[in-house]
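Following: one structure in structure tokens, then a few remarks.
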Amino acid sequence: MAAPTPSPATQADRRLPKKGRVRQRERIQIPEDAGPIVTRRLSKRYGDLVAVDNLELDVRAGEIFGLLGQNGAGKTTTILMLLGLAEPSAGVARVVGFDPTRDPLEVKRRVGYLPDNVGFYDGMTGRENLRYTAKLNGISGADAEEKIAAVLDQVGMTARADTKVDTYSRGMLQRLGIADALVKDPAVLILDEPTTAIDPIGVVEILDLLRGLVNERGLAVLLSSHLLAQVQSVCDRVGIFAAGKLIGVGTVPELAAQFGEEAARIEVGFEGVESRAYAATSKTLRSIPGVSEVRPPERPGEPFTILAPRDRTTEVREALLATAASAGLRLSSIREIVPSLDDIYRRALHARGLAGVRGAAA
Amino acid sequence: MTAETSVAPAPIAPVRDRSARDAVRLRPGWITIAGKELADHLLSIRLYVLLVVLGIAALIPLYFVGEDVRSAASSASGYPAIFLYLFAYAPQGVNFGPLSFTVMAFIAIAAPLLGVAFGFDAVNGERHQGTLPRLLSQPIHRDDVINGKFAGGLLAITIALVVVLALTTGVGMLRLGIIPHADEVIRLLLWLAVTVLYVGLWLAFGMLLSVVIRRAATSALVGFGVWLFVAMPFIGPLLVNLLGTFLASGATSQAEYAGTIQWVARLLPGQVYAEASAALLSPNLTSVSASEIYSAQAQQQIPTLLSFDQSLLLVLPQIVILFALMVACFALAYARFMRQEVRA
Numbered sequence: 002m003a004a005p006t007p008s009p010a011t012q013a014d015r016r017l018p019k020k021g022r023v024r025q026r027e028r029i030q031i032p033e034d035a036g037p038i039v040t041r042r043l044s045k046r047y048g049d050l051v052a053v054d055n056l057e058l059d060v061r062a063g064e065i066f067g068l069l070g071q072n073g074a075g076k077t078t079t080i081l082m083l084l085g086l087a088e089p090s091a092g093v094a095r096v097v098g099f100d101p102t103r104d105p106l107e108v109k110r111r112v113g114y115l116p117d118n119v120g121f122y123d124g125m126t127g128r129e130n131l132r133y134t135a136k137l138n139g140i141s142g143a144d145a146e147e148k149i150a151a152v153l154d155q156v157g158m159t160a161r162a163d164t165k166v167d168t169y170s171r172g173m174l175q176r177l178g179i180a181d182a183l184v185k186d187p188a189v190l191i192l193d194e195p196t197t198a199i200d201p202i203g204v205v206e207i208l209d210l211l212r213g214l215v216n217e218r219g220l221a222v223l224l225s226s227h228l229l230a231q232v233q234s235v236c237d238r239v240g241i242f243a244a245g246k247l248i249g250v251g252t253v254p255e256l257a258a259q260f261g262e263e264a265a266r267i268e269v270g271f272e273g274v275e276s277r278a279y280a281a282t283s284k285t286l287r288s289i290p291g292v293s294e295v296r297p298p299e300r301p302g303e304p305f306t307i308l309a310p311r312d313r314t315t316e317v318r319e320a321l322l323a324t325a326a327s328a329g330l331r332l333s334s335i336r337e338i339v340p341s342l343d344d345i346y347r348r349a350l351h352a353r354g355l356a357g358v359r360g361a362a363a
Numbered sequence: 013m014t015a016e017t018s019v020a021p022a023p024i025a026p027v028r029d030r031s032a033r034d035a036v037r038l039r040p041g042w043i044t045i046a047g048k049e050l051a052d053h054l055l056s057i058r059l060y061v062l063l064v065v066l067g068i069a070a071l072i073p074l075y076f077v078g079e080d081v082r083s084a085a086s087s088a089s090g091y092p093a094i095f096l097y098l099f100a101y102a103p104q105g106v107n108f109g110p111l112s113f114t115v116m117a118f119i120a121i122a123a124p125l126l127g128v129a130f131g132f133d134a135v136n137g138e139r140h141q142g143t144l145p146r147l148l149s150q151p152i153h154r155d156d157v158i159n160g161k162f163a164g165g166l167l168a169i170t171i172a173l174v175v176v177l178a179l180t181t182g183v184g185m186l187r188l189g190i191i192p193h194a195d196e197v198i199r200l201l202l203w204l205a206v207t208v209l210y211v212g213l214w215l216a217f218g219m220l221l222s223v224v225i226r227r228a229a230t231s232a233l234v235g236f237g238v239w240l241f242v243a244m245p246f247i248g249p250l251l252v253n254l255l256g257t258f259l260a261s262g263a264t265s266q267a268e269y270a271g272t273i274q275w276v277a278r279l280l281p282g283q284v285y286a287e288a289s290a291a292l293l294s295p296n297l298t299s300v301s302a303s304e305i306y307s308a309q310a311q312q313q314i315p316t317l318l319s320f321d322q323s324l325l326l327v328l329p330q331i332v333i334l335f336a337l338m339v340a341c342f343a344l345a346y347a348r349f350m351r352q353e354v355r356a
């Protein structure tokens, strides 16, 4: 039996800093009780090109965090640094309590990773591929078979597990990739573009699967995507990433409040309002205190759109109910529109003056 | 796009106790990788094609030289190390121009194919399949990948060469009806070890190509091109010989002339390997230096036989050179691989 693993602190102390850049890393302190993924001033430069620029990231346990940005924004570079597969130019990262640059093995033992465009050995079956991964993680024998069967079941690949991987569709490879990342029983799952090149139904299945895993296993998930709308629904929090910088972090509504339109949009649907009654109805709606603008439906059957200041939406909604009742309008729906992540993303880029700017690292 | 409510962040889950797994000492990653590589090679069509090629390369000269030995058997009875004649001597009356028609020489041509075939797609194949980032994200060191692949490849090569050697020895015993002496068996095993070293050099070269060249098809083409040039006696050795003749034109004696040509020929590792195998397989070869052999012939020295350890000592420099070349080639591949980006 090996001696108990020394704490990361003592392990770090044993090595003396050799280069200036290491010494600089030493100065940045990350509290011990930080979340499973923390970065402070993490940067990666390729020559003159800054792929990741002073990134400050915090992913909490039990949440799905979406790292969203265009291709080339630096998402994959960030992920590779978190796994110790690329060395940061400056700054520190702490993943499951370890510095990936110093203790990459400790990190990789506890972090499941689904790479962008995941691949498997063609000549082997799905199960054989997972067996190899298990072996590399020191899991073998009955223990491995049990784990492999469990994760295959979890991703719904049991039926095809014993066919050769070269017969798999892209979506099946992606699921097998998730199973592969889960074999080691990770505390953190890092998924790089998990929904790219998958049909819409496959995307929903994969996102449902992720949500289920988080609820079931309580692990933290960091996923990167450039398909903002797709992952919007599954992320607890998102970070908007552009040109190597995190330009906004929070839940989608929080980001909407930060970067969205000034006015909130409320959609109101009425039953039996003919198009000739639009003008009258609009006038009634405009009379509600707080409403700044009313847009009638563009096609029959669509709802009216009301713009109101963000801080007065509750008031407006209540008044709307009362007004509708007194005016004899039969209200069929009322809902506040949260702007799409695509909108927020565009606005955030403009707000930061980064519109049109692309990082160079894919 | 609508969202009625945002999902509240889940409560922070307690970090699970992993001390049990940490206590388990992991098997070094390169052993696992070497095991997988070996299994891949042993199940590959490549190996069986190459076994057929090597088998044919060994058995054709073996057949002819076997005829010769049989016909001369009555007069050669009691002659030591007659079994090794099967490997080291060309049959009378068969002329292949620059190609010496011996088992030894044919193996020297065909065996490097094993190295190139097992090495050329070692790293770029993983890149192409998209398995490299996944592999590197497992708890292994990066050099475990290249070390394991080299170890697995070398083991597969050893197995293939043992099979071919066992086959030729078996056929040889059947044809001659004699059993090799212990001394001859040791010489054959030494020759096998040097051959593994030589093919290991080609494996390291193939892996270097697989690290440097992104496309497996290109690295295969380069690898087999170099093989054709270096290992086939028609192009590289012929050119080197020409260069040697040119440089030796000012030689004052026949011995110096032969010596210069040999030194230039040693630019190709095949020559170094050929000298080592010649000495190991022919006990009556008391020198591998062309100039010494020439002067010995001129002085008509009495032929003597060396024991296997004396032969080994004779070609130790050659063996060390082969080893050094293999290590250098592998070190280059290793260094390049360690510096490469994980992404393609």
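Sequence lines, in order, name chains U and W. So in my numbering, the last one in the first sequence is 363, and the numbering has no gaps at all. So in my numbering, the last one in the second sequence is 356, and the numbering has no gaps at all. For each residue, glycine too, the CB sits at the ideal point set by N, CA and C.
What residue range does the alpha helix (DSSP H) around residue i cover?
i: V252/W; result: 248-259
i: K148/U; result: 142-155
i: R176/U; result: 171-183
i: I202/U; result: 201-218
i: E337/U; result: Note, E337/U: premise wrong, no alpha helix (DSSP H); beta strand (DSSP E) at 331-338.
Can you tell me which of the options puts its alpha carbon nearest to the alpha carbon of residue i?
i: L174/U; options: R331/U, M158/U, A62/U, I29/U; result: M158/U
i: F121/U; options: L144/W, I121/W, L324/W; result: L144/W
i: H140/W; options: S231/W, S83/W, D155/W, I171/W; result: S231/W
i: V242/W; options: A260/W, T257/W, Y210/W; result: Y210/W
i: H53/W; options: L202/W, A172/W, M244/W; result: A172/W
i: E255/U; options: G142/U, I345/U, R42/U; result: I345/U
i: T134/U; options: G329/U, L183/U, A323/U, L69/U; result: L183/U
i: L297/W; options: Y285/W, T316/W, F132/W; result: T316/W
Between residue i and residue j, is the Cβ-Cβ spacing less than 9 Å?
i: R238/U; j: E64/U; result: yes
i: A221/U; j: G36/U; result: yes
i: I333/W; j: P281/W; result: yes
i: N118/U; j: G142/W; result: yes
i: W42/W; j: A163/W; result: yes
i: L332/U; j: G270/U; result: yes
i: L98/W; j: G165/W; result: no
i: V96/U; j: I38/U; result: yes
i: E287/W; j: V276/W; result: no
i: I121/W; j: M219/W; result: no
i: A243/U; j: A74/U; result: yes
Taking DSSP as the reference, what is the three-state secondary structure of residue i?
i: V339/W; result: helix
i: V175/W; result: helix
i: E49/W; result: helix
i: Y269/W; result: helix
i: N55/U; result: strand
i: T298/W; result: coil
i: S112/W; result: coil
i: A91/U; result: strand
i: P310/U; result: strand
i: T102/U; result: coil
i: A35/U; result: coil
i: G67/W; result: helix
i: A244/U; result: coil
i: S293/U; result: coil
i: I191/U; result: strand
i: E272/U; result: strand
i: V166/U; result: helix
i: V96/U; result: strand
i: G75/U; result: coil
i: F236/W; result: helix
Run through chain U and tell me which residues come within less than 8 Å of residue i, C-beta to C-beta.
i: Q141/W; result: G120, F121, Y122, D123
Run down chain U in chain order and give the residues with a C-beta less than 9 Å from the C-beta of residue i.
i: P151/W; result: P105, L106, E107, V108, K109, R110, R111, L137, N138, G139, K185
Mind listing the chain W neighbours of residue i? Cutoff is C-beta to C-beta under 9 Å, in chain order.
i: L223/U; result: Within 9 Å Cβ-Cβ: nothing; L223/U doesn't reach chain W, min ~13 Å.
What span of residues does the beta strand (DSSP E) with residue i cover, start to end?
i: A221/U; result: 221-226
i: V112/U; result: 112-115
Residue i touches chain W at which residues, Cβ-Cβ below 8 Å?
i: T77/U; result: R355
i: I116/U; result: The amino acid occupying residue 116/U in the given sequence is Pro; Ile does not appear at that position. Correct list: G142, P145, R146, S149.
What in chain U is Cβ-close to residue i, meaning under 7 Å?
i: L148/W; result: L86
i: T44/W; result: K136, L137
Quick one: list the residues of chain W neighbouring residue i, beta-carbon separation under 7 Å, in chain order.
i: D181/U; result: R146
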